[in-house]
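Visitor: Using our numbering, read the sequence shown as starting at 1 and increasing by one per residue.
Think of the CB as a built atom: it goes at the ideal place given N, C-alpha and C, for glycine as much as any other residue.
Remember, predicted model here, so these are calculated numbers, not experimental data.
Have a look at the structure that comes next, please.
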Amino acid sequence: MRKLGIVGIVMAVAGLSFAQDIKLGGNLGYFKGGKDLKDCYYDDSGIALGGSGVFTIPGVPVDIMAGIGYYKVSGEGGAFIGTPTVGSPTTVKCENSLRVIPITVSAIYKLPVPTVSAYVGGGLGMFVASSVIEAQVGTGTTKTKTEKSKSPIGFQILAGAMYPVAPNISINGEVRYTSAKLKGKDVGTKKDVGIGGTSISIGVVYSLKSK
């Protein structure tokens, strides 16, 4: 699945040289993750950043959107070592952070809506994820830092609209759902951990096509 996803992304990007129009944009949004992030002591929400290019290819009924994003979730967790009712148990405090960089390619279909350029679509992505856990035992000041990185393949579905405000410039609003899993990364159960979620964003798009 991972190899097929990478091949699909590469083939889609390679075809963008035939684009009739290219729109480049950046956005700022709010990310809301799923239950898996909450169970792993992460806050399930955070700020999301992104950039994308939309490519119109002659003779093709859909546009191609290639994008890169960034979001981070963090949190704190703790666990007792020993029995709390007997003696003085030792507490392990953990500070967790997860950074995800989605690199995605989607096909988007333009809806026949007046005034705005509305669209829906979906596609594949590679989710470059990096997790950092800093553990502190008891009341000591020494922290143990653990870093791990994975890049699973996932998918996304999206819907949005672009509203023109000036020649070649539009305001873009978008809702996007992403799904990707880190294999066996739940600390307690070793189950897969979903690192995707829903994001709502707003941004600015600039068309390179001469008006």
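Compute the beta-carbon to beta-carbon distance between MET162 and VAL205, rounded to the nearest angstrom, for a pair I have assumed lies under 8 Å.
Guide: The Cβ separation is near 6 Å, so the contact holds.
Visitor: Would you kindly work out how many angstroms separate the C-alpha atoms of GLY197 and PHE155, rounded to a whole number?
Guide: Going from the Cα of GLY197 to the Cα of PHE155 covers about 11 Å.
Visitor: Taking Cβ to Cβ, would you say ILE108 is nearer than 8 Å to ASP63?
Guide: Result yes, Cβ atoms of ILE108 and ASP63 sit closer than 8 Å.
Visitor: Cα separation between GLY34 and GLN20?
Guide: Rounded to the nearest angstrom, the two C-alpha atoms are 38 Å apart.
Visitor: Taking buried to mean at least 16 other C-beta atoms within 10 Å of its own C-beta, is THR178 buried or exposed?
Guide: So THR178 ends up on the buried side.
Visitor: For LYS32, list the residues DSSP reports as bridge partners.
Guide: SER45, THR198.
Visitor: Taking GLY173 as the reference, give the member of PHE55, ILE202, LYS110, VAL113 with the closest Cα.
Guide: Ranking PHE55, ILE202, LYS110, VAL113 by Cα distance to GLY173 puts ILE202 first.
Visitor: Would you kindly check if the distance between the Cβ of SER149 and the Cβ of GLY29 is under 8 Å?
Guide: No, they are not a contact pair.
Visitor: With respect to the beta strand (DSSP E) encompassing PRO114, which residues constitute its N-terminal and C-terminal limits?
Guide: It is not in any beta strand (DSSP E) - PRO114 carries neither H nor E in the DSSP assignment.
Visitor: Rounded to the nearest angstrom, what separates SER52 and PHE127 at their Cα positions?
Guide: So the two alpha carbons sit approximately 15 Å from each other.
Visitor: Please go through the same chain and pick out, in chain order, the residues whose beta-carbon is closer than 7 Å to the beta-carbon of SER106, but skip the five residues on each side of it.
Guide: Cβ neighbours of SER106 beyond the five flanking positions: MET65, GLY121, GLY122, GLY123, GLN156, LEU158.
Visitor: To which residues of the same chain is ILE68 closer than 6 Å at the C-beta, ignoring the five residues directly before and after it?
Guide: Counting only Cβ-Cβ distances below 6 Å, and skipping sequence neighbours, we find GLY51, ILE103.
Visitor: What residues match up with LEU24 in a beta bridge as DSSP calls it?
Guide: Answer is GLY53, TYR206.
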